[in-house]
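Take a look at the structure set out below.
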Amino acid sequence: MDDVLDIAGAIFLILGCTLTLIAAIGLARYPDLISLQHIATKPQVLSLILNLTGAAMIVRDSTMTWTMILVIAFQLITSPISAHMLSRAGYRTGRVDSGELVVDDLREDLHVAPTERDNRKNTH
């Protein structure tokens, strides 16, 4: 059974490292911020899950396994939120070409934001 877990762990590690390499190549190839945020979150989180699962299969220590599960859960929670916030900040600062977007839900938000900011300055 130990040999099977070691082989499965090695396969998970190889898959995770391969996905990390693909994501790194994608980061070098894509020019716009939205694509970069997509590449920085989706494949990286999956490769982290694969790598930590492979490490857990090889190490087989309950303390390490629970720690890896917590790291995976934390990444699944924080990566989409941070990518969303960075993309939104990039949009608001003009780093995203809104003409290339298929759906632009932030256009209205972008025009409302200065008006609300001006209203707050006038009331204080």
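Just so we're aligned: 77 in this note's numbering is position 76 of the sequence shown, and the numbers increase by one with no gaps anywhere. Using N, Cα and C, we set each Cβ at its ideal position, and we do this for glycine too. For clarity, every value in this text was computed on a predicted model and none was experimentally measured.
query: Please return the same chain residues whose Cβ sits closer than 6 Å to the Cβ of M58, not counting the five positions on each side in sequence.; result: L6, A9, G10
query: With a threshold of 16 other CB atoms inside 10 Å of the CB of P32, please say whether the residue is buried or exposed.; result: exposed
query: Just mark T54 as buried or exposed, buried being the case when its beta carbon has 16 or more other beta carbons within 10 Å.; result: buried
query: Flag this pair as yes or no: are the beta carbons of L51 and F13 separated by less than 9 Å?; result: yes
query: Determine whether the beta carbon atoms of L87 and L16 lie at a separation below 9 Å.; result: no
query: Measuring alpha carbon to alpha carbon, tell me which of W67, I73, M69 ends up nearest K43.; result: I73
query: Whose C-alpha, out of T19, M69, R89, R61, is nearest the C-alpha of H39?; result: R89
query: Would you report the Cα separation of L20 and A29, rounded to the nearest angstrom?; result: 14 Å
query: Can you give the Cα-Cα distance for R93 and L71, rounded to whole angstroms?; result: 33 Å
query: Give me the Cβ distance between Q76 and L49, rounded to the nearest whole Å; I'm assuming they're in contact under 8 Å.; result: 6 Å
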